[in-house]
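Per the numbering used here, the sequence shown starts with residue 1, numbered consecutively. No residue lacks a Cβ here, since even glycine has one placed at the ideal position from N, Cα and C. Take a look at the structure set out below.
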Amino acid sequence: MSEEQKRVESGRRVVIVGAGMAGVQSAVALREQGFAGTLTLIGAEPHQPYDRPPLSKAVLLGKAEGSAFDIDFDALGVELRLGVDVTGVRPADHELDTEAGPVAYDSLVLATGAEPIRLPGSDGVPGVHLLRTLDDAERLRPVLAEQHDVVVVGAGWIGAEFATAARDAGCSVTVVEAADRPLAGALPAEVAAPMTAWYADAGVELRTHARVERVEPGAVLLDDGTRLPAGAVVVGIGARPATAWLAGSGIALGAHREVLADDHLRTSVPDVYAVGDCASFPSRRYGERLLVHHWDNAVQGPRTVAAAIVGESPAAYDPVPYFWSEQFGRFVQYAGQHAPGDELIWRGDPATPAWSVCWLRDGALRALLAVGRPRDLAQGRKLIESGARLDPTLTADPATPLKRAAAS
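Dropping the structure here:
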């Protein structure tokens with residue numbers, strides 16, 4: 001960057017809305033890529049910006065007091081405005097509306113993440129909890145410490161992780177799931193089926209085909225008349241992009257109310273970008289628009305946003321989606337994106353502690369689920385990125401390193 005460019009840049013104002021991973025990494029990436037202007041990071045929560053994965057693990061179990069990012073924001077030249085709600089944006093005026101007054105920007109980054117879906121009829125009922133924020137985790141810590149009977153609504157990733165923590169704390173745990181299996185929205189029946197046994201092995205009662213009729217203090221009532229005692233109810237039935245505040249802004253939203261970003265994470269209006277859980281982006285690799293609610297997307301996307309803001313010409317944003325989950329003593333990882341018509345190949349016996357599943361399309365690896373096989377995941381992710389075609393017979397042999405299954 002020339003001295004003239006630096007002088008111009010020093011007068012520019014970038015405002016980032018959302019102080020989670022995507023927002024914080026956007027600020028870091030901007031400085032790393034030479035942005036010399038004013039950087040303001042606005043967060044709705046009063047806490048120092050923190051990482052979310054430990055909330056369902058160490059923080060929840062009292063093994064850590066928090067998970068604040070180890071970042072010196074003053075040294076980075078980032079102004080933090082915490083505990084501030086953002087109420088709207090006026091792109092034509094290049095102004096953000098907040099409860100503390102308007103904030104002007106030259107470039108705006110939307111990184112507001114996602115918010116948990118609430119169980120209808122549960123608002124205001126004592127003992128009902130969500131697990132998304134540090135405050136949520138702090139409210140749940142004494143529940144686990146006192147070993148209450150816990151009912152978890154939803155057998156998705158967060159439900160399984162919370163059930164794991166509650167059992168580790170000595171609670172009696174029942175998980176209720178409306179679908180016929182855990183992870184019904186993420187995995188096909190034949191892949192999710194072996195995971196059902198994990199619940200019983202951990203001493204957790206899993207009730208599938210179970211719909212909640214209502215929640216009352218001390219109990220969850222199912223639509224079949226079953227009454228489950230519940231000292232606490234934890235709701236984990238999904239999340240939706242936190243974008244309600246964008247109403248009337250002219251910023252285009254998608255079918256899930258997510259911000260529609262392009263392949264450089266630009267929104268439909270000039271000088272506004274979107275990254276992380278609140279935004280979808282077009283993937284050339286998968287031929288569809290992806291909405292990825294996982295930590296890795298919040299880490300990778302900010303580099304593309306920062307490059308676009310400082311005037312670089314970044315490559316199109318087209319990552320291989322990746323996430324992990326620790327549940328019932330197992331480390332579960334997933335990379336890629338599978339579709340119903342993809343060829344499914346097992347690597348190993350799902351009754352054992354370590355196995356994988358590969359999804360191939362026209363011979364090329366498209367996605368991989370690894371349970372206790374991190375090497376499969378690491379090699380598979382690279383094979384997906386390269387578009388490698390695999391030999392199905394070698395792929396199905398768990399003793400053969402996955403990279404050796406690639407056609408030469």
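**Item:** 3 or more residues per run - each beta strand (DSSP E) lying fully within the region 22–55
**Value:** 38–43
**Request:** Could you work out which residue in V275, V175, A261 is closest to W198 when comparing CA atoms only?
**Result:** V175
**Message:** Which complete beta strand (DSSP E) runs does the region 252–313 hold, if anything under 3 residues is left out?
**Reply:** 272–274, 279–283, 288–291
**Asked** Hey, how far is the Cα of A316 from the Cα of S122?
**Response** Using only the alpha carbons, I get a separation of about 42 Å.
**Three-state class that DSSP yields for T87 in the structure shown** = Strand.
**Request:** Starting from the N-terminal side, write out each stretch of the beta strand (DSSP E) that is 3 residues or longer and does not extend beyond the region 311–356.
**Result:** Those beta strand (DSSP E) runs which fall completely within the region 311–356 and span 3+ residues are 322–327, 330–336, 343–347.
**Prompt:** At what residue ranges does the region 149–180 contain a whole run of the beta strand (DSSP E), taking only runs of 3 or more?
**Reply:** Scanning the region 149–180 for uninterrupted beta strand (DSSP E) segments of 3 residues or longer gives 149–153, 172–176, listed from N- to C-terminal end.
**8 Å contact criterion, which S67 and D51 should meet: CB distance rounded** = 4 Å
**Message:** For S2, count the other beta carbons within 10 Å of its own beta carbon; 16 or more makes it buried, fewer makes it exposed. Which is it?
**Reply:** Because the pLDDT at S2 is just 49, under 50, the model does not fix this residue reliably, and the value given afterwards should be weighed accordingly. Label assigned to S2: exposed.
**Request:** Per DSSP, which residues does A378 bridge with? Please list them.
**Result:** BP columns for A378 are empty, so no partner.
**Message:** Using only CA atoms, which one of E385, Q379, R381, A407 lies nearest to P392?
**Reply:** Comparing C-alpha distances from P392 to each of E385, Q379, R381, A407 shows the shortest one belongs to A407.
**Request:** Look up T110 in the DSSP assignment and say whether it is helix, strand or coil.
**Result:** Reading the sequence as shown, one finds Leu at residue 110 and not Thr. Here L110 sits in strand by DSSP.
**Prompt:** Where do the ends of the beta strand (DSSP E) carrying D97 lie?
**Reply:** 95–98
**Asked** Per DSSP, what kind of secondary structure is G11 in: helix, strand or coil?
**Response** coil
**Request:** Could you have a look at A242 and say whether DSSP puts it in helix, strand or coil?
**Result:** coil
**Prompt:** Would V204 pass as a contact of V212 if the rule is Cβ separation under 8 Å?
**Reply:** no
**Asked** Taking Cβ to Cβ, would you say A274 is nearer than 8 Å to A261?
**Response** yes
**Request:** Could you spell out where the alpha helix (DSSP H) holding V79 opens and where it closes?
**Result:** The amino acid at residue 79 is misidentified as Val; the sequence shows Glu. E79 -> not in any alpha helix (DSSP H); beta strand (DSSP E) instead, spanning 78–82.
**Selected residue, minimal CA-CA separation from W295, among R285, V310, D277** = D277
**Asked** To the nearest angstrom, how far is it from the Cα of F331 to the Cα of A252?
**Response** 37 Å
**Request:** Please classify P182: does DSSP put it in a helix, a strand, or coil?
**Result:** P182: coil per DSSP, three-state reduction.
**Prompt:** E4 to G34, Cα distance in whole Å?
**Reply:** Residue placement at E4 is flagged as unreliable, the pLDDT there being 46, under the threshold of 50; the coordinate-derived value follows with that caveat. So the two alpha carbons sit approximately 13 Å from each other.
**Asked** Is any beta-carbon of chain B found at less than 8 Å from that of V17?
**Response** No chain B appears in this structure, which consists of one protein chain only.
**Asked** What residues are listed by DSSP as bridge partners for I16?
**Response** L41, V109
**Message:** Please report the distance separating the alpha-carbon of R12 from that of S249.
**Reply:** 22 Å
**Request:** List the endpoints of the continuous alpha helix (DSSP H) containing V143.
**Result:** Counting along the chain, the alpha helix (DSSP H) containing V143 begins and ends at 134–145.
**Residues bridged to H129 [DSSP beta-bridge criterion]** = According to DSSP, which records beta bridges pairwise, H129 is partnered with V234.
**Message:** Does R90 pass the burial test, meaning 16 or more other C-beta atoms within 10 Å, or should it be called exposed?
**Reply:** With fewer than 16 other Cβ atoms within 10 Å, it is exposed.
**Request:** Using only alpha-carbon positions, find the residue among D85, D136, V24, D271 that is nearest to A44.
**Result:** D85
**Item:** Distance, V151 Cα to V125 Cα
**Value:** 14 Å
**Request:** Leaving out five residues on either side along the sequence, give the residues of the same chain with a beta carbon under 8 Å from the beta carbon of R361.
**Result:** A339, G341, D342, E343
**Request:** Determine contact between the region 281–294 and the region 321–337, defined as no fewer than three beta-carbon pairs at a distance below 8 Å.
**Result:** Touching, yes.
**Asked** What is the rounded straight-line gap between the Cα of M21 and the Cα of G225?
**Response** Roughly 42 Å separates the two Cα atoms.
**Prompt:** To the nearest whole angstrom, what separates the beta carbons of A239 and A114, a pair I think is in contact under 8 Å?
**Reply:** 4 Å
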